[in-house]
Amino acid sequence: MAACTQCAADIELDEFDVDRDDLLSCPDCGANLRVAVLTPVVLAPADETEPPEEAGDDDGDDDDWD
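Count along the sequence shown from 1, then add 310; that gives the number in this note's numbering.
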């Protein structure tokens, strides 16, 4: 059992079913969490420093034909 860092709700997790840095959300408040420690399972707020994906037509194709 682990606790949500936002609302302190108990979250049923088995240390054998998760890996360190797995992402999940709290079923009560919806907070984004990550598994920080496995034994015992400890949750931390998910790292939200990842840059957002750029919108647009960047499908990897080179559309600039000469």
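Ideal Cβ placement from N, Cα and C applies to all residues, glycine included.
Per DSSP, which residues does D332 bridge with? Please list them.
-> Within the sequence shown, numbered from 1, the residue matching residue 332 stands at position 22. According to DSSP, which records beta bridges pairwise, D332 is partnered with nothing at all.
For V345, count neighbouring C-beta atoms within 10 Å of its own C-beta (all shown protein chains included) and say buried if the count is 16 or more, exposed if not.
-> If you number the sequence shown from 1, residue 345 lands on position 35. Flag for V345 reads buried.
Comparing alpha-carbon positions, which option in D357, A356 and V347 lies nearest F326?
-> Reading the sequence shown from its first residue, position 16 is the one you call residue 326. When D357, A356 and V347 are compared, the shortest CA-CA separation from F326 is found for V347.
Determine the burial state of P362: buried for a count of at least 16 other Cβ atoms within 10 Å of its Cβ, exposed for fewer.
-> In the sequence shown, counting from the first residue as 1, residue 362 sits at position 52. Residue placement at P362 is flagged as unreliable, the pLDDT there being 48, under the threshold of 50; a coordinate-derived value is accordingly withheld.
Between the C-alpha atoms of D324 and A354, what's the straight-line distance to the nearest angstrom?
-> Residue mapping note: residue 324 aligns to position 14 of the sequence shown, counting from 1. Residue mapping note: residue 354 aligns to position 44 of the sequence shown, counting from 1. Cα-Cα distance, rounded: 16 Å.
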